[in-house]
Amino acid sequence: MNKIKSFDDLKQLREGLQAKIKQRNSGSNPESIVRIKVAMSTCGIASGAKEIMNFLTDELEQQSIEAVVTQTGCMGYCYAEPTIEVSLPGKEPIVFGDVDTFRAAEIIEKYIIHNELVDGILPVNYRTIDN
Amino acid sequence: MADYRMHLLVCGGTGCKSSESEQIRDNLLAEVERYGLNDEVQVVMTGCFGFCGKGPIVKVLPDNTFYVLVKPEDAATIVEEHVVMGRKVNDLLYLDPESDEPISDSKQMDFHKKQVRIALRNCGVINPENIDEYIARDGYAALATCLSEKSPQQVINEIKLSGQRGRGGGGFPTGLKWEITSKSQADQKYVVCNADEGDPGAFMDRSILEGDPHSVIEAMAICGYCTGSTKGLVYIRAEYPLAIQRLKTAIHQAREYGLLGDVIFGTTFSFDITLRYGAGAFVCGEETALIHSMEGLRGEPTFKPPFPSESGYLGKPTTVNNVETLASIPVIINKGAAFFNSIGTEKSKGTKVFALAGKINNVGLIEVPMGTTLREVIFDIGGGIKGGKKFKSVQTGGPSGGCLTNSFLDTPIDYDNLIAAGSMMGSGGMIVMDEDDCMVSIAKFYLEFTLDESCGKCTPCRIGNKRLYEILDKITKGLGTEEDLTRLRSLCNVIKDTSLCGLGQTSPNPILSTLDNFYDEYLAHVRDHKCPAGQCKSLVKYSIDNEKCTGCTLCFRNCPVGAITGEKRSPHFIDNAICIKCGVCYDKCKFDAVSVS
Amino acid sequence: MDMINLTIDNRPVSVEKGTSLLQAAAEVGIKIPSLCYMKLHDLNIENKPGGCRVCVVEVVGRRNLAPACCTDAAEGMVVQTHSMRAIHARRTVVELILSDHPTDCLKCAKAGNCELQSMAQHLGIREIHFEGEQSTFREDTSPAIIRELNKCIRCRRCEMMCNEVQTVGALSAINRGFNAVISPAFEMNLDHSVCTYCGQCVAVCPTGALTEVDHTGAVIRALSNPAKTVIVQTAPAVRAALGEEFGGEPGTLVTGKLAAALRRLGFNYVFDTDFAADLTIMEEGTELLNRLTAYLGGDKEIKLPMLTSCCPAWVKFFEHQFPELKDIPSSARSPQQMFGSIAKSYFAEKIGVDRKDLVVVSIMPCVAKKYECSRDEFSVNGNPDVDFALTTRELAQLINLANIDFNSLPDEDFDHPMGDSTGASVIFGTTGGVIEAAVRTAYEVFTGKKLARLDFTELRGMEGLRHATIDFDGLPIHIGIAHGLGNARKLLEDIQKGTSQFHAIEIMSCPGGCIGGGGQPYHHGNAEILKKRQMALYREDSGKPIRKSHENPYITKLYEEFLGAPMSEKSHHLLHTEYFDRSKK
Amino acid sequence: MPKIKLSQRTIEIVREICASFENNEGELINVLHETQHKLGYLPAEVQELIANELNMSVAKVYGVVTFYSFFNMIPQGEFPISVCMGTACYVRGAEQILHEIKRQLNIEVGQSTPDGKFSLNCLRCVGACGLAPVVMVGEKVYGRVAPQQVRKIIAEYQEGCVKPEKHEM
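See below:
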């Protein structure tokens, strides 16, 4: 890892990272892929988030669906753990709650492959400082 | 193969469900089918939108149209007008409360403003174990700005201007705290992050550390720059292994990038962070106790002054800030004091994270601007009371806070309003209670906690709280008298007045607030020896109604102690000598035959 | 000096910056009651945990009440010490303490001397409005100290004395909440701990939670047994303090009345530990000179400084904490034990009584002496040299029990031969006294010259650590003095590091020396009392016809008739001892 | 308290831990954490050893150990069961769960079963309020527990689970 030695270093790094993310997200980009975030806070893990993450990784690989599965912190929907957020290229991210392996399979099958929503979406009900 | 061009989202939150959202879905489905649009339009049930006051809600994607107060019979109109004709149904649109104009795109609606995420901005968004994702979202830019463009005093002024007050409970202005340390003369100063989140029912700090550890690290470095400290310590509960691990990873990554260590951003500023672990003592949330604990001592508080800002860890000036306080600092620097100051009420600026828990549908972590009302939090964001029960009380401030009733639901939440209402902000736990919760028992529960966690140093807290607990115990057993209520209040006041630290000074709050707000319930216990909520075991009796009992044996099979007898298909009987009043029979009975008295 | 102006109970007060409200009020004659707070001014000892909350006062504009002990006076402050709110709170707090306190005052060892009892009286408490669970701690009896923790009010004074002043570390606050209490590790008994029995915890305990083991009953039994000859010795510091137990001014010398009272109690012989103190000087002084001469002669085997060994708590302290230094202190036994040893050999022989029928009782300002006389090495075939050690307080108890009106007693003398002593031995009771007595003798023996002056004021005082250089006719002798074990520790650490410059060091465990011993009448936090006792001893010294130990004719006679010479083989056997490693390292 | 004699290996482990914190008295709590992590609990003999190594009084070490609820002086069961008694869990019936566990195992809070398999403790909030009431067995969290489930949870561990690795004193 290179050391960040000045504000300019930081800005440069940030711009590079942001550009990469933007590229990944835009629907028109051929390299854009499905991204899934699994909420892995204590509550999430206690409710089985780790198993879900493993399941998703394995399942997507088996079905040869190119996707990135990453962990993230608490999304705030503790009542609906485990919670995952799925971003399809060019679409707004959708949050699914109470995800067990059955539902995870359903999400891959219906939403990721067929762009078909499943019951139990969690509507985002907050603003962050970005918007 | 279906390729949907449109999705109709029907709110399946409990609040909406009770107002027939399932019927709405069925009707919508039928309408879609009637037009033969099954392959083009999908109808799905979602989780709670958090806008329950205006439910049931139907949202249309991709155009983000937001219909409120939808009735089952509106389904036809929505499909006919919106789906088929492509025209929005104006009557069902949400009206802007200010302009009275209908808003069609939900992104323009103020309900999104109910929650504004500042401290939680990255939680659930970034991978907390990847510093690059933090940097991509302006991470460490605030530190860079401070170091390269501002003097310490300028940064302190900015924080002061933002009006931020400590989120740990006391509400002391953050900028002022930093300024005091910065003006103290010493060869070494310290920045301490108080992550000893101990309020039962509060988990904001844990979530932030698990979801966005870098924001805390960055803020500590900024604080170090402002106060002239080169060493930071995080005092974190050992009960939070995941948070500890994420924090360690984050510190490591920051060091790798040179964002911690020597010559940060090529300046002369050096700063590094080490971890100290709590070991299960609530009182260590108090600054002086926390410092003693970090020094390897018993976590007993000492009298203030001297304040840690002047004489803290190892006798050196020490700034102690709570996790949530720190997590907002980079935003104040990046977006400016004015941005932060524009949110909130006159004396409480910015947002506050609450951990919503208890008898509420959407248990979770929320962040709202100061000044949001309890009603909005509980009913709009929290989705109302679980199981359709009646709201009874909301407890804020943990063991230091109080239980508020219906009449406070429209009180805007800020530091001063909550204190005036007999509770306090505390660290942000918000526990909702319903009609089944006995307020005397709740008060007793908190006292038991305080008793367990009192350090035992000062008389009022050590013995006084014990006596308070004993009086409450007497009352819940039906042995209390009205005189006990007078004694309870008088002792509460003395304990508040004479205790050494914040723990004792606030420990009577759960009793005082319930005495104020639920006096009748206390009276019922001492006068009639009855527990209206049916929770005080000594005061309740379970019995089976001969008429209603069908002899299904379900209660018999579930009774953990074998207190229920009876033949199959004939009325059962509860032996109260054996009954432990667990209430399983009551919960299990399908025929309403078990009654509580 | 920055001055602060404030108003207390409507009276203007002007005090230095940094003065507490408690102190500020005291300056205008307002005595705010307090329980845990304690300050011994000259000794630099302060206990200020702010825990009891009895001293709370109302400060106008403040949200809650302020503890007067911890709150500093501030400019313009308006303080009400007796507003209804303050009085109500204060009484409630004391009632709470009483609700977790046995109310068996009538049979408590501390009755009449208990600060909690006085507080209840002071506040006019006639009813305890709270009842509930009370602490149920196990009682702990050790050779010297009894702990009855059910009477503990968590003032933390004992913990402060044990850790900060004495650095012994036998006691610590343990547990938390209602169960928090002060205890040795693992709630074991004191005799399994590193406790030195210095008794400073007993000296400062406001209630009956810490008291000495009561041996008065055993002494009464011995006195009433016609088959026993019972003799008594009384330590120097006792005469300067016993009077306080009978309403006397602190610092009143009651030597004559003391001897009279002991005689009336029925002791067959009334002797003085001072006699043994003179003997100690002969032995210890000779040992010092021997070691010094050998050291100066280049003997590398000889270690200096030599440390005094009169104090049993100090002995136990280094046995636990500095076992590797156990060869450095003088091997001389303490005066109490030298007395016992000579009494049960030389004197028993002289009066023709078998040692088994001779009972030696000592009156000591100390609780550690109870432990010392029970040490195995100080007995012969299971018969201890000193049978019972009573504290000054126990003696007062005994005098009362025997219906003796102490104040109207005539002055009487001690008996011969072991009641005769010099001025040098009297000052054994104060810090600096032992070494001054040793210097008086060592100088004359070493130089062969007569001292021109006997008052070595450079060795006197109340500071915890002192040092002086005495000119031994051209040879500068460096002397260190420590009282309080925390101060002693500092000197020992220097020795460990090899940086100590001293030839001889005097150590006494208790602040002030034996005058401030754990068995003395309670000072209740008033350091002036210790100073007055100290002055009394120096007065007694200067009034004595003989003021140097080696000039005590009865000591000379003892050597001639029995021991031979100091450090002789017989002396070694009877008057010296060895030390043990008590550490668990 | 039964006396135990520490093995040479244990003594070395504790000494190493103390040394890794430079035998600094101020690091006592970290030393205790680390030691308990390695040994499972902190018996008197270990506390004496630590006091010696850090050159402080054993009474003070004991004072610290008894102040913090995280430190144990008795061996925990092979499977330590902790019931969260935070407010959220309390209002959602944690007391009943606790009661049921006590009944099933026939032990009180702070005790271990005679076979050493289970020990029972209460915790203050573990911060998993969304899952209230919460029970932890070892590190595993069980959320939304109902009294009826208790028997099943305990049974999972009774049937020959692998013994967790632990250093013997």
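Protein chains in written order, with our numbering: chain A, -5 to 125; chain B, 40 to 636; chain C, 287 to 871; chain D, 102 to 270. C-beta atoms are modelled at their ideal positions from N, C-alpha and C, and glycine is treated no differently. As the structure is a prediction and not an experimental result, all values here were calculated from the model.
| Item | Value |
| --- | --- |
| Cα-Cα separation, G543 of chain B to P670 of chain C | 53 Å |
| M853 of chain C vs E569 of chain C beta-carbon contact at 9 Å | yes |
| Those residues which DSSP pairs with E610 of chain C across a bridge | Per DSSP, none; premise fails for E610 of chain C. |
| Which residues DSSP lists as bridging A545 of chain C, in chain order | None; A545 of chain C has no bridge partner. |
| Rounded separation between I506 of chain C and V645 of chain C - CA only | 12 Å |
| Interface partners of E334 of chain B on chain D, CB under 7 Å | G127 |
| M237 of chain D, DSSP secondary structure in three states | strand |
| Member of D:Q197, D:V147, D:C226, D:G141 whose CA lies at the smallest distance from the CA of C119 of chain D | D:V147 |
| Residues of the stretch 202 to 233 of chain D whose Cβ lies closer than 8 Å to any Cβ of chain A, in chain order | V227, G228, A229, C230, G231, L232 |
| Proximal residues of chain D, C-beta to C-beta of Y73 of chain A below 8 Å | G231 |
| Opening and closing residue of the alpha helix (DSSP H) in which S627 of chain C lies | 621 to 628 |
| Rounded straight-line distance, which links the Cα of T785 of chain C to that of G584 of chain C | 18 Å |
| Euclidean distance between Cα positions of N360 of chain B and G267 of chain B | 15 Å |
| Status (buried if at least 16 other CB within 10 Å, exposed otherwise) for Q56 of chain A | exposed |
| Extent of the continuous beta strand (DSSP E) to which R29 of chain A belongs | 28 to 33 |
| Neighbour flag for V263 of chain D against chain B, beta carbons, 9 Å | With a pLDDT of 45 at V263 of chain D, under the threshold of 50, the predicted position of this residue should be treated as unreliable, and no value is reported. |
| I765 of chain C, enclosing beta strand (DSSP E) - first and last residue | 761 to 769 |
| Segments assigned beta strand (DSSP E), at least 3 residues, entirely inside the stretch 568 to 624 of chain B | 581 to 583 |
| 9 Å Cβ cutoff, A43 of chain A in contact with chain D | no |
| Where the beta strand (DSSP E) through L353 of chain B begins and ends | No beta strand (DSSP E) holds L353 of chain B; DSSP gives it neither H nor E. |
| Min CB distance R337 of chain B to chain A below 9 Å | no |
| Within-9 Å CB hit, R110 of chain D to chain B | no |
| Neighbour flag for A13 of chain A against chain D, beta carbons, 9 Å | no |
| Beta carbon proximity, P353 of chain C to chain B, threshold 9 Å | yes |
| Residues that DSSP places opposite I312 of chain B in a beta bridge | B:G271 |
| Of the residues B:G178, B:P212, B:C87, B:W217, the one placed nearest L193 of chain B, counting alpha carbons only | According to the sequence provided, residue 193 of chain B is Gln. The question's Leu does not apply to it. The residue with the shortest Cα to Cα distance from Q193 of chain B is B:W217. |
| Residues that I130 of chain D contacts on chain B, provided the C-beta gap is smaller than 7 Å | Y316, A318, S332, G335 |
| Proximity of E249 of chain B and M34 of chain A at Cβ, strictly below 9 Å | yes |
| Buried versus exposed, by CB contacts within 10 Å (16 or more), E560 of chain B | buried |
| Same chain only: Cβ atoms within 6 Å of K264 of chain D, ignoring 5 sequence neighbours per side | Bear in mind that a pLDDT of 49 at K264 of chain D, under 50, signals an unreliable position, so the model cannot answer this. |
| Residues bridged to I470 of chain B (per DSSP) | B:A396, B:Q434 |
| Close beta carbons around G465 of chain B, own chain, < 7 Å, minus the five adjacent residues each side | G208, D238, T435, G436, G437, S439, G440 |
| C223 of chain D - partner residues in DSSP beta bridges | D:V184 |
| Contact check, A74 of chain A vs G319 of chain B, beta carbons under 9 Å | no |
| E302 of chain C, DSSP secondary structure in three states | strand |
| Residues near T116 of chain B by beta carbon distance below 7 Å, same chain, minus five either side | V128 |
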